[in-house]
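Peer 1: Sharing a structure with you now.
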Amino acid sequence: MALLDYFRTDMLPHIWCPGCGNGIVTQAIVRGIDALGWSQDETVIVSGIGCSSRAPGYLDFDTLHTTHGRALAFATGVKLAKPHLNVIVVTGDGDASAIGGNHLIHAARRNINITTICFNNSIYGMTGGQYSPLSPSHSYGSTAPYGNIDRAFDLCELVRASGASYVARGSVYHIAQLTRAIQDALAKPGFAFVEAITPCPVYFGRKNQLRTAVDMMRWQKEQMIPLRRAEKMDPEELTGKVIIGTFADKDLPEYTDSYEALIEKVRREVEESS
Amino acid sequence: MNLNKTGTHLFQGNEAVVEAAILSGCRFFAGYPITPSTEIAELMAVELPKVGGRFIQMEDEIGSMGAVIGASLTGTKAMTATSGPGFSLKQENIGYASFTETPVVVVNVQRVGPSTGMPTAPSQGDVMQARWGTHGDHPVVAIAPGSVAEAYTATIRAFSISEFLRVPVILLLDEVIGHMREGVSVEDVQAVEHLERKRPKGSKSDFRPYRDDGSGVPPMANFGDGYRFHVTGLFHDERGYPDLSPEWARTLMKRLMGKLDAHRDVHEWVEETETDDAEILIVSYGSPAQAATSALRQARAEGLRVGQFRVVTVWPFPEDALAKYKGQVRAVLVPEMNLGQLRLEVERVMGDAAPVLGLHRADGELFKPAEILEKIREVD
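Chains as they are written, first to last, in the working numbering: chain A, 364 to 637; chain B, 29 to 408.
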């Protein structure tokens with residue numbers, strides 16, 4: 364299918380700033396859906412609040428733009444109520460790791476078959492550039508005017524440790540690897556998580572001497588180290604670098620399958636006892 | 029309860045809610061443990077799989093509210109249950125359900141607040157929160173049953189109202205109604221009408237999820253049925269797309285706030301006792317109504333002209349029904365287990381027509397009939 368057929372063209376143009384990478388990540392999601400041949404009628408895309416969370420609105424599926432941080436909770440309701448539906452969550456670094464952090468670890472723990480794409484632009488863009496739990500230490504934001512003293516989450520490590528079936532990180536600069544990771548995540552039965560690093564020259568870049576989209580792309584190119592290469596490097600060399608690649612790809616029991624089995628078991632017991 | 033048999037069966041209030049919810053077709057429950065509503069979650073965990081429904085214990089109260097909204101959007105009747113602190117946490121998503129017109133039933137078994145308060149003691153301290161707990165103007169329905177039998181029928185009505193009018197319904201139990209055991213009659217349960225969600229007709233490609241069909245309540249499609257629609261908590265046009273223009277905001281809010289007025293027959297619920305010749309009117313709701321009824325009987329035996337106006341659907345407040353008593357009654361008593369919440373509505377409706385006297389307690393104790401009777405005598 365033509366990629367444009369997956370978009371609600373009457374919702375365009377989008378609201379994202381010049382140089383924003385969100386459109387590239389959105390395109391990668393659509394390419395993944397297309398490659399797997401998923402039906403638009405049986406795919407639900409859920410988001411929270413923030414720049415990235417506007418993406419589902421542009422897509423021609425059943426789409427749900429929820430409250431801040433809660434996309435995974437709403438998505439859990441959709442998926443558990445109707446397990447045959449494909450459910451995708453689009454979220455951002457603040458949405459997923461700060462206000463929605465609890466839902467993220469618990470969705471991963473249950474290993475519910477939801478694919479979560481976290482658009483990580485390292486900043487709260489919609490509100491004008493405040494630091495997030497994924498902003499690097501010492502970076503600047505409108506609420507970190509003297510430099511960020513917080514430490515950043517390694518969100519992939521957190522989700523992996525919480526029990527997800529699939530975990531990967533990619534970047535908009537390394538679009539081929541990112542697109543493949545998203546497709547693998549969509550195909551994976553179980554909780555699948557992709558952190559997609561995306562440039563925000565307007566809010567993150569401006570405060571961090573990366574004012575143009577090109578500066579930000581160059582920064583991605585220089586900072587990102589593929590996992591295979593990183594494994595051969597010593598920790599000192601990796602300081603300040605970001606590792607991209609697949610961190611988990613496991614076959615584990617899936618939550619809605621387990622619930623279906625539970626229903627069958629309970630109904631059999633009820634029948635036998637009556 | 030076997031509805032094919034007649035007679036009266038003993039139920040705990042929380043148990044009655046679960047049974048009635050399943051009878052109403054509820055097939056999804058998401059919750060979080062909290063006293064004194066926990067039995068509802070526990071029984072849902074037992075019963076839902078038996079009927080092919082789904083129960084999930086979420087990581088928190090906010091998540092359970094989100095999950096029931098998500099489930100409801102797939103066309104599955106959904107419920108959650110909580111108490112004071114949890115009700116506070118659910119508020120943002122209750123507003124989301126109201127604004128996106130997603131049917132959900134939220135049970136709040138009220139305990140004494142504020143804060144952690146008294147977890148095992150009854151209260152009616154969340155009456156105003158049920159109306160105004162979430163930010164912004166919004167429609168909401170709240171029902172406060174006065175007995176276990178009424179908790180049963182009120183649950184059925186809560187689903188009907190929620191599904192038919194696409195509005196969140198708060199089932200305001202209090203700890204007494206939730207934990208007390210009383211008889212529920214099969215005939216009373218059978219008599220309650222079940223209303224369903226209005227479904228779209230016509231071609232899927234022309235479907236507009238928020239287009240008024242003239243009733244004020246747009247027909248609702250399910251996620252997964254090929255309508256491919258957008259749902260957002262932003263101001264949204266008929267297509268569900270964001271539209272923040274002042275003109276559209278006025279149009280949308282007019283329909284949203286007007287739909288409950290237009291369908292008062294669906295949600296209004298008042299029970300009047302001995303009011304024809306009443307000079308003193310007791311306005312009650314929830315478990316204190318039982319003490320008020322008892323006081324009324326004794327007062328009548330003493331020859332005092334007392335009547336009871338029992339509000340079951342507290343929001344929207346039945347103002348026209350109550351206003352009928354202006355000019356008839358010389359005083360109104362409002363017993364409630366809070367420091368004066370629904371009394372404010374009664375005062376607003378009665379105006380200068382009669383003094384409104386509150387009997388209030390928020391100490392975890394129940395009203396005794398004698399306290400109410402004493403107040404009646406005092407007024408007389």
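The beta-carbon is built from N, C-alpha and C at its ideal position, and this holds for glycine as well.
Since the structure is predicted, the reported quantities are computational estimates derived from the model, not experimental observations.
For A/Tyr-421, which residues of its own chain have a beta-carbon under 8 Å away from its beta-carbon, when the five flanking residues on both sides are left out?
Peer 2: Phe-370, Arg-371, Met-374, Leu-375, His-377 and Thr-389
Peer 1: How would you label B/Val-96, buried or exposed, when you count the other beta carbons within 10 angstroms and need 16 or more for buried?
Peer 2: buried
Peer 1: By the 10 Å Cβ neighbour count, where 16 or more other Cβ atoms means buried, how is A/Pro-616 classified, buried or exposed?
Peer 2: exposed
Peer 1: Anything in the region 73 to 89 of chain B with a Cβ closer than 7 Å to a Cβ of chain A? List those residues in chain order, please.
Peer 2: Pro-77, Lys-78, Gly-80, Arg-82, Ile-84, Met-86, Glu-87 and Asp-88
Peer 1: Give me the Cα-Cα distance between A/Asp-458 and A/His-431, rounded to the nearest whole angstrom.
Peer 2: When rounded, the distance between both Cα atoms is 6 Å.
Peer 1: B/Ile-90 lies in the alpha helix (DSSP H); which residues open and close that run?
Peer 2: For B/Ile-90, the uninterrupted alpha helix (DSSP H) run begins and ends at 89 to 101, by DSSP.
Peer 1: Since A/Asp-626 meets chain B, which of its residues come closer than 7 Å, beta carbon to beta carbon?
Peer 2: A small fix is needed here, since residue 626 of chain A is Ile in this sequence, not Asp. Those are Pro-77 and Gly-80, listed as they occur along chain B.
Peer 1: Taking B/Glu-4 as part of the beta strand (DSSP E), name the residues at either end of that continuous run.
Peer 2: Missing from the structure shown is residue 4 of chain B; chain B here goes from 29 to 408 and no further.
Peer 1: Give, in chain order, every residue of the region 365 to 387 of chain A whose Cβ lies closer than 7 Å to some Cβ of chain B.
Peer 2: Met-374
Peer 1: What is the DSSP secondary structure of A/Cys-519, reduced to helix, strand or coil?
Peer 2: helix
Peer 1: Note down, in chain order, each residue of its chain lying with its Cβ closer than 7 Å to the Cβ of B/Leu-31, except the 5 sequence neighbours on either side.
Peer 2: Val-214, Val-217 and Gln-218
Peer 1: B/Ser-100: buried (16+ other C-beta within 10 angstroms of its C-beta) or exposed?
Peer 2: buried
Peer 1: Tell me the DSSP secondary structure of B/Val-343 in three-state form.
Peer 2: The question names Val, but residue 343 of chain B in the sequence shown is Trp. In this structure, B/Trp-343 counts as strand in the three-state DSSP scheme.
Peer 1: Check whether the Cβ atoms of B/Asn-366 and B/Gly-153 sit closer than 9 Å, and answer yes or no.
Peer 2: yes
Peer 1: Would a check of beta-carbon distances place B/Leu-117 closer than 9 Å to chain A?
Peer 2: It does not; no Cβ of chain A falls within 9 Å.
Peer 1: Measure the beta-carbon distance from B/Val-135 to B/Ser-65 and round it to whole angstroms, keeping in mind my assumption that it falls under 8 Å.
Peer 2: 6 Å
Peer 1: Spell out whether any CB of chain A is found under 9 Å from the CB atom of B/Thr-279.
Peer 2: For B/Thr-279, the answer is no, since every Cβ of chain A falls outside 9 Å of its Cβ.
Peer 1: Cα-Cα, which of B/Pro-150, B/Gln-369 and B/Glu-224 is closest to B/Gly-392?
Peer 2: B/Pro-150
Peer 1: At the level of alpha carbons, what is the spacing between B/His-291 and B/Glu-75?
Peer 2: 33 Å
Peer 1: Give me the Cα-Cα distance between A/Ile-606 and B/Asn-42, rounded to the nearest whole angstrom.
Peer 2: A straight line joining the alpha-carbon of A/Ile-606 with that of B/Asn-42 spans about 52 Å.
Peer 1: In the region 94 to 155 of chain B, which residue ranges form an unbroken alpha helix (DSSP H) of at least 4 residues, counting only runs that do not cross its ends?
Peer 2: Taking only runs of at least 4 residues, the alpha helix (DSSP H) segments lying wholly in the region 94 to 155 of chain B are 112 to 128.
Peer 1: Please report the distance separating the alpha-carbon of B/Ala-172 from that of B/Glu-178.
Peer 2: 9 Å
Peer 1: For A/Leu-549, which residues in chain B fall below 9 Å Cβ to Cβ?
Peer 2: Those within 9 Å of A/Leu-549 in chain B number zero; the least Cβ separation is about 17 Å.
Peer 1: Between the C-alpha atoms of A/Gly-443 and B/Cys-54, what's the straight-line distance to the nearest angstrom?
Peer 2: Per the sequence shown, the amino acid found at residue 443 of chain A is Leu instead of Gly. In a straight line, the C-alpha of A/Leu-443 is about 14 Å away from that of B/Cys-54.
Peer 1: Which value, in whole angstroms, describes the spacing of the CA atoms of B/Lys-403 and B/Phe-337?
Peer 2: 16 Å
Peer 1: Are B/Ala-57 and B/Ala-73 closer than 9 Å when you measure CB to CB?
Peer 2: The question names Ala, yet the displayed sequence has Phe at residue 57 of chain B. Yes.
Peer 1: If the cut-off is 7 Å on Cβ atoms, which residues from the region 414 to 443 of chain A count as contacting chain B, listed in chain order?
Peer 2: Gly-420, Asp-423, Phe-424, Asp-425, Thr-426, Leu-427, His-428, Thr-429, Thr-430, Arg-433, Ala-436, Phe-437, Ala-438, Thr-439, Gly-440, Val-441 and Leu-443
Peer 1: For a contact defined as C-beta to C-beta under 8 Å, what are the partners of A/Asn-465 on chain B?
Peer 2: Glu-87, Asp-88 and Gly-91
Peer 1: Closer than 8 Å by C-beta to B/Ala-390: which residues in its own chain qualify, once you throw out the five before and the five after it? Chain order, please.
Peer 2: Val-140, Ser-151, Gly-153, Met-365, Asn-366 and Leu-367
Peer 1: Along the chain, where does the beta strand (DSSP E) that runs through A/Asn-484 open and close?
Peer 2: Run containing A/Asn-484: none; DSSP gives neither H nor E here.
Peer 1: Quick check on A/Gly-504: does DSSP put it in helix, strand or coil?
Peer 2: Judged by DSSP in its simplified three-state form, A/Gly-504 adopts strand.
Peer 1: With a CB to CB cut of under 7 Å and the five nearest residues on each side skipped, what residues in its chain are close to B/Ile-84?
Peer 2: Apart from the 5 residues on each side of it in sequence, B/Ile-84 sits with its Cβ closer than 7 Å to the Cβ of Ala-58 and Ala-95 in its chain, given in chain order.
Peer 1: Cα separation between A/Ile-626 and B/Ser-92?
Peer 2: Cα-Cα distance, rounded: 20 Å.
Peer 1: Considering only the alpha carbon of each residue, which of B/Ala-349, B/Thr-130, B/Thr-144 and B/Thr-102 lies closest to B/Pro-113?
Peer 2: B/Thr-144
Peer 1: Check whether chain A comes within 9 Å of B/Ala-106, counting only Cβ atoms and requiring the distance to be less than that.
Peer 2: yes
Peer 1: Determine the burial state of B/Lys-105: buried for a count of at least 16 other Cβ atoms within 10 Å of its Cβ, exposed for fewer.
Peer 2: buried
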